[in-house]
Structure formats: C-alpha cells, structure tokens
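Below: one structure, written as structure tokens.
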Amino acid sequence: MDLIETVKIKNYLEREFLTKPFNLVKSAGLLEGFQIETYVKSYEPINGIGIGYGGYKNAYYIEIMLKKKIKVNTSYLASYFSVPSESFRVKYVGEISIIRTTHRHRPAFPGVSIGHYNSTAGTFGCLVEDKEGRLQILSNNHILANLNSANLGDPILQPGPADGGHRHKDVIAELSAYIPIDFEGLNRVDAALAEPLNYSDVRPDIPHIGHVEGITSARLNIPVIKFGRTTGLTFGTITGRNATIKVNVEGNEVLFEDQIVIEGRRGRFSEGGDSGSLILDTNRQVIGLLFAGSATGVTFANPIDDVLTSLSVEII
16 MDLIETVKIK NYLEREFLTK PFNLVKSAGL LEGFQIETYV KSYEPINGIG IGYGGYKNAY
76 YIEIMLKKKI KVNTSYLASY FSVPSESFRV KYVGEISIIR TTHRHRPAFP GVSIGHYNST
136 AGTFGCLVED KEGRLQILSN NHILANLNSA NLGDPILQPG PADGGHRHKD VIAELSAYIP
196 IDFEGLNRVD AALAEPLNYS DVRPDIPHIG HVEGITSARL NIPVIKFGRT TGLTFGTITG
256 RNATIKVNVE GNEVLFEDQI VIEGRRGRFS EGGDSGSLIL DTNRQVIGLL FAGSATGVTF
316 ANPIDDVLTS LSVEII
C-alpha cells in the first residue's frame, strides 16, 4: 500500500478498535475465537495499531499489536479494505505500561533504581561479565559502595532505599567490587560492581534503547543518549572531554581527571538519581558512565574504557 492509503486504514482501525466503546461486532469478525457473549472490558485484545515499512515488496503495512494472544484474521481485513493480505502484520506485545524506574522490577534492567542498603538510590547501569564469567551489575561507587564505607558482600537493593527498597524483601545482589574514591588525590572513575543473587532476576536490554552494541571513545559535538532512574530517556551532546573537575562529595572537593562533559539538547540531560546510567552514541555504543552533575544541568561521565579496565570486566 502507499502511505496515504495506509494512514487512512490505520485511522479507521484506531476508531473501531482503540477508542471507546470497543467495537464488539467487528471484533467478532476480525478475531478468531472472540466471543461477544463472554466479552469483558479487561479482555480487549488489541492495544496498538501502527504503520511499518518493508517486506519483500518494500511497502507500507499496518501493524496490529495484541495485549492477548489470539489469532487475528488478516484475510478478513484484506477483504474488507480490498488490499493485499500482506498489508497487515500482527505482533503480540503484551500489556503496555509506563516504565516506572523507581519501582521494584524482576527481572530488573538498566535504568531502574538501585542502591546499597544503607544509601539512597541511583541507576542500574548495565550488566557486565568478570574474568571468572560471573554476571555483575555495574553502577557507581557512591551508589553501590556508599563512598568506600561499604563491605564486600553487603546487600544491594532494587529499588534503592530512597525509592522504598527494604533489606528484608528487595535484595537483588551483593557488593562484589569497587574502585575506592581517593578524597586527597586524583580519580578517574566512580565505579562498583554487585553480583546478582539470581541471574534470572536481571536482564541486559535498556528501555527505549535496546541491547548495547559495543564501546567507543568520546568525540566532541556528537549526539548521545541515556536512560536513567530519575529523568528516563534524555538526549544530549558531548561538549567537552579530558576534563579535570572538582566534585563536591559530602562537603569534600574531590578531583576527577579525564572526564566527559555532556549538555542536554532539550533541558537537562540528567538529575540526581541518574548516577550510574550508561551514556551511548546513536549506534548504541557505550561512551561513559554518568556519575555527576552541576547546578546548571551539565552532566559528567567517566570514560567507559577506564571503568571496564579498572574493574576487569566486559559489557555483555
């Protein structure tokens, strides 16, 4: 189909199947096994209708997204609109809901709240693998190791304590390693690891971004993205690199060298609680680990190569 015809059909289907009241009669023809007499509102099986492009004819098509697994009679639609059957595709997506990064998630994933049991809350950065092949959660020292004050084996909560996480029911991992922050000298990274108690309780994909495709170095003026606990998905630009900065850490000015500087494209790139987020380019290559921000909204990150090398891990 051409784009104009596709849009017209998509708009029609939206009115019939996404707006209220749900069209029971037409659903009975479209959805095989859909019984009007047993219909209840919570069973409405269609929860999205979009437009795609591709296939062997490189044409536009209607994509029907399902909340419930049910067979869709696309030939009925093709006949109804007098278009080829390949003009419709069906995808089971399940329930669509807002990603609440401060809630408990199992499996947990990069971007959600996490923290040492005696700390506040930051961001689950990503999953990495150590030299022994063990899965680890990567975030900041100040999130997982409580600024050097934690002990290896300490409980790590998801969500973090500031978001309602409790030691008796929300432990997801144990602190396994961290790079100490030197309050008197120069630092390059604010990084720590926690090993999940159950590997099935975590997954690697970042919401709205997907799976990491590798790592790369910071380049000036390139666009970057991140997904964090506080501000979710944001877009920015690298405006500086190799920066030496003074970071206020509980009243102490701590020096960090060789840092990346990011500014938001539309408002702030990050806020408090986004610490630990991965910063990626538009090819999903990781550039840095977010760890600090200024009063005016400028964000700072450790180069990811320094982080991974210091902890002897690789992103999976």
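Position in the sequence shown (first residue = 1) + 15 = this note's numbering.
Note that the Cβ used here is the ideal one computed from N, Cα and C, for glycine as well.
A distance below 8 angstroms separates the beta carbons of G126 and T138. The Cβ neighbour count for A207, taken over all protein chains shown within 10 Å, is at least 16; the residue is labelled buried. Rounded to the nearest whole angstrom, the CA to CA distance from N73 to P99 is 13 angstroms. For the pair S128 and D216, the Cα-to-Cα distance works out to about 14 angstroms. Boundaries of the alpha helix (DSSP H) harbouring T21: 18–32, taken from the DSSP string. A contact between stretches requires three or more CB pairs, one per stretch, nearer than 8 angstroms, and the stretch 255–262 fails this requirement with the stretch 172–192. The C-beta distance from R203 to D321 rounds to 5 angstroms, short enough to fall under 8 angstroms. Beta-bridge pairing by DSSP links F250 to I240. Pairwise C-beta distances place the stretch 103–120 out of contact with the stretch 261–272, as fewer than three of them are shorter than 8 angstroms.
Among the bridge pairs identified by DSSP, V264 is matched with N267. Taking a cut-off of 8 angstroms on C-beta distances, the stretch 155–170 does not touch the stretch 111–124, as fewer than three cross pairs fall below it.
Annotation note: the stretch 154–224 contains the following uninterrupted beta strand (DSSP E) runs of length 3 or greater, listed N- to C-terminal: 170–172, 186–193, 207–211. Spanning the alpha carbons of R244 and P222 requires a straight line of approximately 11 angstroms.
With contact defined as three or more Cβ pairs closer than 8 angstroms, the stretch 307–315 and the stretch 173–182 are not in contact. Across the set L150, P195, R182, the C-alpha of L150 shows the shortest separation from the C-alpha of A209. Here DSSP, grouped into helix, strand and coil, assigns E110 to coil. Taking C-alpha positions only, V22 is separated from Y68 by approximately 12 angstroms. For T314, the enclosing beta strand (DSSP E) starts and ends at 314–318.
The continuous beta strand (DSSP E) containing L293 extends over residues 293–296. For L304, there is no enclosing alpha helix (DSSP H); the enclosing beta strand (DSSP E) has its first and last residue at 300–308. When beta bridges are read from the DSSP output, F96 appears opposite no residue. Closest in C-alpha terms to E228, from the list S94, D296, E147, G287, comes D296.
Comparing alpha-carbon positions, the option among V239, I24, H226 lying closest to S97 turns out to be I24. In the DSSP assignment, G69 falls within the unbroken beta strand (DSSP E) covering 61–69. When the Cα atoms are used, A93 and S325 turn out to be separated by approximately 58 angstroms. The beta-carbon separation of T246 and D205, rounded to 19 angstroms, does not stay under the 8 angstroms limit for a contact. By a beta-carbon distance limit of 8 angstroms, G63 does not contact E101. Their separation comes to about 19 angstroms. The three-state secondary structure of L326, taken from DSSP, is helix. Excluding sequence positions up to five before and after I224, its CB lies within less than 8 angstroms of the CB of I240, F242, L248, L295, R299, all in the same chain and listed in chain order. Counting the other Cβ atoms within 10 Å of the Cβ of S191 gives 16 or more, which makes it buried.
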